[in-house]
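Chains as they are written, first to last, in this note's numbering: chain F, 186 to 508; chain H, 4 to 321.
A virtual CB, placed ideally from N, CA and C, is assigned to each residue, including glycine.
None of the values given here were measured: they were computed from a predicted structure.
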Amino acid sequence: MPNITYAQALNEALREEMKVDPRIFLMGEDIGHHGGIFRVTKDLIDEFGAERVRDTPISESSFVGVGIGAAMAGMRPVVELLFMDFALVAADQIVNQAAKLRYMSGGTVSIPMVVRAQQGGGRGNGAQHSQSFESWLAQVPGLIIVAPSTPADAKGLLKSSIRDGNPVIFIEHKLLYNTKGDVPEGDYSIPIGKAEVKRDGRDITIVSYSRTLLFALEAAETLSQKGIEAEVIDLRTIEPLDMNTILESVKGTGRLLIVHEAHSNCGLGAEIIARMYEQAPDTLIMPPRRLGAKHVPIPVAESLENAVLPQTSDIIQAVEAMF
Amino acid sequence: MPLTPERLQDAYRQMLVIRKFEETIRNLYQQGKIRGSFHPCVGQEATAVGGCWAVRKDDYMTCTYRGHGQALAKGLDVRAAMAEMLGKSTGCSKGKGGSMHFTDPSVGLLGANAIVAAGVPHAAGAALASQLQKKDNVALAYFGEGAVNQGVFLESLNLAVIWKLPLILICENNLYSEMTPSHETTSVVETHKRADGFGFESIQVDGNDVEAMYNAVESAAAKARAGGGPIYIEAMTYRLWGHMMGDPEIYRTKEEVAKAKENEPIVRCGKRLLELGCTADDLTRLDSEAEAIIADALQFAESSAVPEPADAFTDVFI
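Structural data, given as structure tokens:
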């Protein structure tokens, strides 16, 4: 299997899908000859032309809105937001429009549009370029939200997202683009709504996704040396949430820790813990825990940012406190 | 195809259907049979009929919550519209959209919107789709002059010009943004001058003259279809009723409204038909035909079933 980066895997997914489906076109800032600030759309303009790989003005609400209109008129737009933080600039189009038009039309229109954006911190980009919005977005009925952590999942999930037929928020992470992994050859896709057990273990279930999933795997190796075997679940899709895979795992481990980079307050971790207590409280041998960003804006200096965002050492500490 | 005297009679009847639709909704609203808000388009029927009749059924259109007239003129079934107002399962959105969200893609109606400028980029997107698909469809975006101060509107003007989209923007300038005179809140209240600044070809037309409206949109559509890019039409009109049910209308005088009624589009179109040789009986007949269409729609809507509670959980995803 070829070993390629997360950014290359996304680029392959776009290229392969665009080759077979002329309805697909890309829109975003600096995605054409520049190839996107993280090189995800590198060279695509040479192959597909400026009509289908379309540079936009810095006008997030209108170009997301244009994507919606084009989708209703038979196209399959893939819209790139330079930073997920800018989703707030386009919030009306994402939340009031894309998520609701199908419902408000009684199912007569559909919005087969993917909005790709990278999010998260760890790079000193500051409070308006480092946020993670999946918990907010998961509050909005009508959006599918995916957040792959590996190159193989990124490629397979982007393909599924483009083919899906619903508005999909495709969450990438700025510090995953250069990570490498084996990616299957040929056409394949990863189903939306299906989590994956990335590491087997009997003592505790760690649920994560996107970049913190890599931290969880790293923590699990250290914990293993200390005699704690962690099972690590990669959610891959945030909405719809694959609760069954979590319930099944906790049945075996009895302990649950959720780790994400989004702020802890009112976050996905809280949601999963609530569902755990609603659906299978008896499988827990102790109260579950969650780790997320602490409740301050994301700072720039490394020492500050590391204090706010969950680190591998925080995961190890949290797990050890549960034994 | 020009609006021949025969088709002008049809247009007159269509405007009456819209007027009577709104009057019926007002009655139902006062009886407590309509939920939510209702933003009538009474007085603005000519912009709807003149504009929508000048394009094809497969051309696209978006509008706002004051868009009942435009939706009906574009071809939305009157029965489905009335049933939607009454929250019935036979409504165009099965009772899920209501007054502000009439949608029917089979007639190119991509949706009325409760956010005043939000539908403008949707029309631009449909125009882009047409361009990418090498089709000759155009898209109309209706909005009021109250929408021109939303950011997404200005962003969309820019996009439409740089991408040369087959897009026709129709600003219905009815002088009031909700309940505030627009000149108090808008820097350049002659909105077509704003469009000029973005590089648009723009015109201002008498929006209460259905023939003028038709001609303006027809020639704009011909240009856009031929790849000539977007056009901005500012249609001067007047909203004869309040912004919505319950509007006390303290921002204007009764005299102003009475004077506007002399210039309202249905009265004017009736006079024009008489000049063209129609008789008073012809106009009465057209009125009765419109009345019958509304009576049938009301009967259909009232006798339709309400949606089942379980239907609340469908149509979220494809």
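Quick one: is residue i buried, meaning 16 or more other Cβ sit within 10 Å of its Cβ, or exposed?
i	result
residue 471 of chain F	exposed
residue 158 of chain H	buried
residue 316 of chain H	exposed
residue 406 of chain F	exposed
residue 280 of chain H	exposed
residue 38 of chain H	exposed
residue 278 of chain F	buried
residue 336 of chain F	buried
residue 18 of chain H	buried
residue 396 of chain F	buried
residue 270 of chain H	exposed
residue 444 of chain F	buried
residue 373 of chain F	exposed
residue 340 of chain F	buried
residue 86 of chain H	buried
Under the assumption that residue i contacts residue j (Cβ atoms under 8 Å), give the Cβ distance between them as a whole number of angstroms.
i	j	result
residue 63 of chain H	residue 100 of chain H	Their Cβ separation, rounded to whole angstroms, is 18 Å, which puts residue 63 of chain H and residue 100 of chain H out of contact at 8 Å.
residue 386 of chain F	residue 415 of chain F	4 Å
residue 234 of chain H	residue 171 of chain H	5 Å
residue 356 of chain F	residue 331 of chain F	7 Å
residue 368 of chain F	residue 203 of chain F	With a Cβ gap of about 18 Å, residue 368 of chain F and residue 203 of chain F do not count as contacting.
residue 152 of chain H	residue 189 of chain H	6 Å
residue 139 of chain H	residue 292 of chain F	Residue 139 of chain H to residue 292 of chain F, Cβ: 29 Å. No contact.
residue 274 of chain F	residue 301 of chain F	Going by Cβ atoms, the distance from residue 274 of chain F to residue 301 of chain F rounds to 15 Å, so no, they are not a contact pair.
residue 435 of chain F	residue 469 of chain F	7 Å
residue 96 of chain H	residue 290 of chain F	5 Å
residue 84 of chain H	residue 56 of chain H	Actually they are not in contact, since the Cβ atoms of residue 84 of chain H and residue 56 of chain H sit about 17 Å apart, beyond 8 Å.
residue 148 of chain H	residue 180 of chain H	7 Å
residue 92 of chain H	residue 307 of chain H	6 Å
residue 45 of chain H	residue 59 of chain H	Actually they are not in contact, since the Cβ atoms of residue 45 of chain H and residue 59 of chain H sit about 27 Å apart, beyond 8 Å.
residue 316 of chain F	residue 304 of chain F	6 Å
residue 265 of chain F	residue 234 of chain F	The Cβ separation is near 17 Å, so there is no contact.
For residue i, return the contacting residues in chain H, with the cut-off set at a CB-CB distance below 8 Å.
i	result
residue 259 of chain F	132 and 136
residue 253 of chain F	124, 125 and 128
residue 403 of chain F	What residue 403 of chain F touches in chain H: nothing, since even the nearest Cβ is about 35 Å away.
residue 326 of chain F	319
residue 355 of chain F	Ordered by position in chain H, no residue passes the 8 Å Cβ test against residue 355 of chain F, which lies about 16 Å from the chain.
Check whether the Cβ atoms of residue i and residue j lie closer than 8 Å to each other.
i	j	result
residue 260 of chain H	residue 236 of chain H	no
residue 53 of chain H	residue 216 of chain H	yes
residue 210 of chain H	residue 14 of chain H	no
residue 360 of chain F	residue 394 of chain F	no
residue 327 of chain F	residue 352 of chain F	yes
residue 475 of chain F	residue 458 of chain F	yes
residue 384 of chain F	residue 399 of chain F	no
residue 210 of chain F	residue 239 of chain F	yes
residue 389 of chain F	residue 438 of chain F	yes
residue 115 of chain H	residue 105 of chain H	yes
residue 391 of chain F	residue 338 of chain F	no
residue 522 of chain F	residue 256 of chain F	In the structure as shown, chain F starts at 186 and stops at 508, and residue 522 of chain F therefore has no counterpart that could be examined.
residue 289 of chain H	residue 263 of chain H	no
residue 446 of chain F	residue 306 of chain F	yes
Under 7 Å Cβ-Cβ, which residues of chain F neighbour residue i?
i	result
residue 309 of chain H	What residue 309 of chain H touches in chain F: nothing, since even the nearest Cβ is about 14 Å away.
residue 320 of chain H	351
residue 102 of chain H	Here the premise fails: no neighbours, minimum Cβ distance about 11 Å.
residue 167 of chain H	What residue 167 of chain H touches in chain F: nothing, since even the nearest Cβ is about 12 Å away.
residue 118 of chain H	277 and 281
residue 107 of chain H	293
residue 91 of chain H	Near residue 91 of chain H there are no residues of chain F at all, since even the closest Cβ is about 11 Å away, more than 7 Å.
Can you pull the chain H neighbours of residue i, defined as C-beta to C-beta under 9 Å?
i	result
residue 271 of chain F	The premise fails here: residue 271 of chain F is roughly 13 Å from chain H at the closest Cβ pair, so nothing lies under 9 Å.
residue 223 of chain F	Correct list: empty, because the minimum Cβ distance to chain H is about 24 Å.
residue 428 of chain F	Correct list: empty, because the minimum Cβ distance to chain H is about 18 Å.
residue 461 of chain F	Neighbours of residue 461 of chain F on chain H: none; closest Cβ ~24 Å, over 9 Å.
Give the interface partners of residue i over in chain F, defined as CB-CB distance under 8 Å, in chain order.
i	result
residue 162 of chain H	241, 242, 244, 247, 248 and 251
residue 185 of chain H	Neighbours of residue 185 of chain H on chain F: none; closest Cβ ~22 Å, over 8 Å.
residue 312 of chain H	Chain F residues near residue 312 of chain H: none, gap ~15 Å exceeds 8 Å.
residue 121 of chain H	250, 277, 278, 281 and 282
Regarding residue i and the ligand SAH, is the C-beta to nearest heavy atom distance less than 7 Å?
i	result
residue 269 of chain H	Judged by which ligands are present, the structure shown has none, so any question about the ligand SAH falls away.
Note down, in chain order, every chain H residue with its Cβ under 7 Å from the Cβ of residue i.
i	result
residue 236 of chain F	135
residue 286 of chain F	114
residue 233 of chain F	Simply none; closest approach about 11 Å.
residue 210 of chain F	135
residue 374 of chain F	None at all; the shortest Cβ gap to chain H is about 17 Å.
(Q) Below 8 Å, how does it come out for the region 499-508 of chain F and the region 272-280 of chain H: are there three or more Cβ pairs, yes or no? (A) no
Q) Is the region 194-210 of chain F in contact with the region 344-355 of chain F, if contact means three or more CB pairs nearer than 8 Å? A) yes
Q: Specify whether the region 458-467 of chain F and the region 485-492 of chain F touch according to this definition: at least 3 beta carbon pairs, one from each stretch, less than 8 Å apart.
A: no
Q | Stretch-stretch touch, CB-based, cutoff 8 Å, three pairs: the region 139-150 of chain H with the region 57-74 of chain H | A | yes
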